[in-house]
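Numbering (this note's numbering), first residue to last: 187 to 550. Cβ atoms here follow ideal geometry from the backbone N, Cα and C, with glycine treated the same way. None of the values given here were measured: they were computed from a predicted structure. Structure, as structure tokens:
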């Protein structure tokens, strides 16, 4: 009997011991679970804090990007083009003029002697703007088959640049149907501009730039009807004046050098159209252009080291060592175009060459 009681007691003690072990193990699990939960909670808090900081950085960056976008929207298409693209525009126009003149010119310079005396005198007067004409005679060396295209190219470049690049308000002619006049809105604005230049150089250039930008609102999704109408009007005026000058050139004394059977008048008009568009957009910049023709140069002489001069392909300085330096330039195939100032509206005392003067003279 006592043995049985003893066994029961022993079994009960073992059971209690197991219960205690289980209880301790359970408590350890609970403790580990609580520690894990606390650890996870700490990690979650750290992650949340990191996420908030990351979100703040993103919001700051996004806000800055939006601000830059809004600034760009404000200036629209008036963000200045890269210099290389501007120079490429000029080179393209130069190539187009040269190609057109080559295809359109008569082949024999002697043909101009057969025109009426009045027409011949008008032609010589026009050529005197680009060539050294003495005793009503052209410079020596232009009697070759390439002479007519060279002269026609020079007349064309002179007309395009003096008509479309010299005056920033060239497109505001009072009555383009009957030819350019000097008593229209273009003349009035040009007088204001020139007067302002004598008062405050930087402000005058900024005024000119802002005026031209105002007249050609940038294309945006939220353009008002007024903006769209104004842009259409300005683009129409630019195209109309360009077409006018193209037609006037074809009917000018230069026609004595044009072969009407090979001249592409439509192509001539497209050259004027592109030049007018390029000119307008360049004048919207705060930089300022200055055109220099033969009359501005006086009696120019050649210097291979002068960056303002570019010898025509018919002139080969390398074939003559340094013997051509100081020789009189007798034909300006393409006028010189200088640019002053920066796109920030400063440093107007500094000039750089945008288009060098393309020059010719007889090397024999």
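Do you know offhand how far residue i's Cα is from residue j's?
{"i": "residue 282", "j": "residue 239", "result": "58 Å"}
{"i": "residue 204", "j": "residue 224", "result": "30 Å"}
{"i": "residue 479", "j": "residue 543", "result": "8 Å"}
{"i": "residue 312", "j": "residue 341", "result": "8 Å"}
{"i": "residue 473", "j": "residue 398", "result": "13 Å"}
{"i": "residue 378", "j": "residue 481", "result": "25 Å"}
{"i": "residue 294", "j": "residue 374", "result": "44 Å"}
{"i": "residue 359", "j": "residue 549", "result": "43 Å"}
{"i": "residue 420", "j": "residue 401", "result": "6 Å"}
{"i": "residue 396", "j": "residue 547", "result": "42 Å"}
{"i": "residue 279", "j": "residue 336", "result": "16 Å"}
{"i": "residue 415", "j": "residue 376", "result": "24 Å"}
{"i": "residue 523", "j": "residue 334", "result": "24 Å"}
{"i": "residue 302", "j": "residue 327", "result": "24 Å"}
{"i": "residue 236", "j": "residue 230", "result": "10 Å"}
{"i": "residue 491", "j": "residue 483", "result": "17 Å"}
{"i": "residue 499", "j": "residue 442", "result": "24 Å"}
{"i": "residue 446", "j": "residue 412", "result": "43 Å"}
{"i": "residue 289", "j": "residue 448", "result": "6 Å"}
{"i": "residue 551", "j": "residue 502", "result": "The structure shown does not extend to residue 551, since the chain spans only 187 to 550, so no value can be given for it."}
{"i": "residue 370", "j": "residue 410", "result": "28 Å"}
{"i": "residue 198", "j": "residue 232", "result": "50 Å"}
{"i": "residue 208", "j": "residue 228", "result": "30 Å"}
{"i": "residue 300", "j": "residue 528", "result": "51 Å"}
{"i": "residue 365", "j": "residue 372", "result": "At residue 365, the pLDDT of 48 sits below 50, so the modelled position is not reliable; the number obtained from the coordinates is stated separately. Spanning the two alpha carbons is a distance of roughly 13 Å."}
{"i": "residue 323", "j": "residue 417", "result": "48 Å"}
{"i": "residue 557", "j": "residue 332", "result": "Examination of residue 557 is not possible in this model, given that the chain is present from 187 through 550 alone."}
{"i": "residue 221", "j": "residue 214", "result": "10 Å"}
{"i": "residue 450", "j": "residue 532", "result": "43 Å"}
{"i": "residue 206", "j": "residue 200", "result": "10 Å"}
{"i": "residue 475", "j": "residue 352", "result": "7 Å"}
{"i": "residue 386", "j": "residue 392", "result": "10 Å"}
{"i": "residue 284", "j": "residue 269", "result": "23 Å"}
{"i": "residue 430", "j": "residue 357", "result": "10 Å"}
{"i": "residue 329", "j": "residue 304", "result": "21 Å"}
{"i": "residue 296", "j": "residue 325", "result": "14 Å"}
{"i": "residue 210", "j": "residue 216", "result": "10 Å"}
What do you reckon, are the CB atoms on residue i and residue j nearer than 8 Å?
{"i": "residue 454", "j": "residue 432", "result": "yes"}
{"i": "residue 306", "j": "residue 521", "result": "no"}
{"i": "residue 146", "j": "residue 319", "result": "This structure does not reach residue 146, given that the chain is present from 187 up to 550, and the question cannot be answered."}
{"i": "residue 291", "j": "residue 338", "result": "yes"}
{"i": "residue 488", "j": "residue 452", "result": "no"}
{"i": "residue 388", "j": "residue 526", "result": "no"}
{"i": "residue 348", "j": "residue 477", "result": "yes"}
{"i": "residue 461", "j": "residue 346", "result": "yes"}
{"i": "residue 394", "j": "residue 469", "result": "yes"}
{"i": "residue 494", "j": "residue 266", "result": "no"}
{"i": "residue 439", "j": "residue 309", "result": "yes"}
{"i": "residue 464", "j": "residue 497", "result": "no"}
{"i": "residue 459", "j": "residue 437", "result": "no"}
Which first and last residues belong to the alpha helix (DSSP H) in which residue i is found?
{"i": "residue 513", "result": "Looking at the DSSP string, residue 513 is not in any alpha helix (DSSP H), and its letter there is neither H nor E."}
{"i": "residue 378", "result": "371-385"}
{"i": "residue 436", "result": "411-436"}
{"i": "residue 457", "result": "451-469"}
{"i": "residue 483", "result": "480-483"}
Quick one: using the 10 Å Cβ neighbour count with 16 as the cut-off for buried, is residue i buried or exposed?
{"i": "residue 466", "result": "buried"}
{"i": "residue 530", "result": "exposed"}
{"i": "residue 485", "result": "exposed"}
{"i": "residue 540", "result": "buried"}
{"i": "residue 226", "result": "exposed"}
{"i": "residue 538", "result": "exposed"}
{"i": "residue 272", "result": "buried"}
{"i": "residue 381", "result": "exposed"}
{"i": "residue 390", "result": "buried"}
{"i": "residue 405", "result": "exposed"}
{"i": "residue 261", "result": "With a pLDDT of 46 at residue 261, under the threshold of 50, the predicted position of this residue should be treated as unreliable, though the coordinate-derived value follows. Exposed is the call here."}
Can you tell me where the beta strand (DSSP E) with residue i in it begins and where it stops?
{"i": "residue 541", "result": "537-541"}
{"i": "residue 525", "result": "522-526"}
{"i": "residue 495", "result": "495-497"}
In chain order, what are the residue ranges of uninterrupted alpha helix (DSSP H) at least 4 long that sit wholly in the segment 254-318? Segments of the alpha helix (DSSP H) lying fully in the segment 254-318: 269-290 and 303-313.
Suppose only complete runs of 4+ residues qualify. What are the alpha helix (DSSP H) ranges in the segment 323-353, listed by chain order? Listed in chain order, the alpha helix (DSSP H) elements of length 4 or more contained wholly in the segment 323-353 are 333-350.
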